[in-house]
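*Asks:* Numbering (our numbering), first residue to last: 7 to 76.
First the structure, then my questions, so here it is.
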(Lines of atoms letter the chains of each structure in order from A; the text may use other names.)
(Lines give C-alpha, C1' and ligand atoms only; values in the text may rest on other atoms or scores of the structure.)
Protein backbone atom coordinates (compact mmCIF):
# COMPACT_ATOMS: atom_id res chain seq x y z
CA UNK A 7 0.00 0.00 0.00
CA UNK A 8 1.03 3.58 -0.24
CA UNK A 9 3.15 5.08 2.50
CA UNK A 10 0.41 7.50 3.49
CA UNK A 11 -2.51 5.07 3.69
CA UNK A 12 -3.20 5.59 7.38
CA UNK A 13 -2.50 9.30 7.07
CA UNK A 14 -5.32 9.47 4.50
CA UNK A 15 -7.59 7.19 6.57
CA UNK A 16 -7.08 8.41 10.11
CA UNK A 17 -9.88 6.35 11.69
CA UNK A 18 -8.37 3.12 10.39
CA UNK A 19 -4.95 4.35 11.40
CA UNK A 20 -6.09 4.91 14.96
CA UNK A 21 -7.18 1.28 15.20
CA UNK A 22 -4.74 -0.66 12.99
CA UNK A 23 -1.49 1.31 12.58
CA UNK A 24 0.39 -0.62 15.23
CA UNK A 25 3.84 0.84 14.53
CA UNK A 26 2.46 4.38 14.00
CA UNK A 27 4.47 4.96 10.83
CA UNK A 28 1.46 5.89 8.65
CA UNK A 29 2.04 3.06 6.18
CA UNK A 30 0.12 -0.17 5.84
CA UNK A 31 2.26 -3.27 6.10
CA UNK A 32 1.27 -6.89 5.50
CA UNK A 33 0.63 -7.70 9.18
CA UNK A 34 -1.66 -4.71 9.62
CA UNK A 35 -3.54 -5.54 6.41
CA UNK A 36 -4.00 -9.16 7.46
CA UNK A 37 -5.31 -8.12 10.86
CA UNK A 38 -7.75 -5.65 9.25
CA UNK A 39 -9.01 -8.43 6.98
CA UNK A 40 -9.38 -10.90 9.84
CA UNK A 41 -11.34 -8.40 11.93
CA UNK A 42 -13.61 -7.60 8.97
CA UNK A 43 -14.25 -11.30 8.35
CA UNK A 44 -15.04 -11.88 12.03
CA UNK A 45 -17.53 -9.00 12.06
CA UNK A 46 -19.24 -10.25 8.90
CA UNK A 47 -19.41 -13.79 10.29
CA UNK A 48 -21.00 -12.57 13.52
CA UNK A 49 -23.55 -10.44 11.67
CA UNK A 50 -24.55 -13.39 9.47
CA UNK A 51 -24.92 -15.63 12.52
CA UNK A 52 -27.07 -13.03 14.31
CA UNK A 53 -29.21 -12.58 11.19
CA UNK A 54 -29.85 -16.32 10.88
CA UNK A 55 -30.73 -16.53 14.58
CA UNK A 56 -33.17 -13.61 14.31
CA UNK A 57 -34.76 -15.20 11.24
CA UNK A 58 -35.26 -18.50 13.08
CA UNK A 59 -36.74 -16.75 16.10
CA UNK A 60 -39.20 -14.74 14.02
CA UNK A 61 -40.44 -17.68 11.97
CA UNK A 62 -44.23 -18.02 11.81
CA UNK A 63 -43.88 -21.79 12.23
CA UNK A 64 -42.63 -21.32 15.79
CA UNK A 65 -45.93 -19.87 17.00
CA UNK A 66 -48.68 -22.51 16.87
CA UNK A 67 -51.29 -20.03 18.11
CA UNK A 68 -51.27 -18.27 14.75
CA UNK A 69 -52.85 -21.31 13.11
CA UNK A 70 -55.62 -21.86 15.65
CA UNK A 71 -59.02 -20.39 14.95
CA UNK A 72 -61.89 -19.73 17.29
CA UNK A 73 -65.43 -20.68 16.40
CA UNK A 74 -66.36 -17.04 16.93
CA UNK A 75 -64.19 -16.10 13.95
CA UNK A 76 -66.50 -17.98 11.58
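Virtual Cβ for every residue (Gly too), placed ideally from N, Cα, C.
1. Verify whether the separation of the beta carbon atoms of residue 28 and residue 39 is less than 8 Å.
2. If I follow the unbroken alpha helix (DSSP H) through residue 16, where does it start and stop?
3. Is residue 26 helix, strand or coil when you go by DSSP?
4. In this structure, how does DSSP classify residue 39 when only helix, strand and coil are distinguished?
5. Would you decide whether residue 23 is buried or exposed? Buried here means 16 or more other CB atoms lie within 10 Å of its CB.
*Replies:* Let me spell this out:
1. Taking the first residue of the chain shown as position 1, residue 28 is located at position 22. Taking the first residue of the chain shown as position 1, residue 39 is located at position 33. Cβ atoms of residue 28 and residue 39: not closer than 8 Å.
2. The count along the chain shown starts at 1 and reaches residue 16 at position 10. Residues 16–22.
3. Stepping through the chain shown from its first residue, residue 26 is reached at position 20. Residue 26 falls in the coil class under three-state DSSP.
4. In the chain shown, counting from the first residue as 1, residue 39 sits at position 33. Of the three classes helix, strand and coil, the one that applies to residue 39 here is helix, per DSSP.
5. Stepping through the chain shown from its first residue, residue 23 is reached at position 17. The residue is buried, with at least 16 neighbouring Cβ atoms inside 10 Å.
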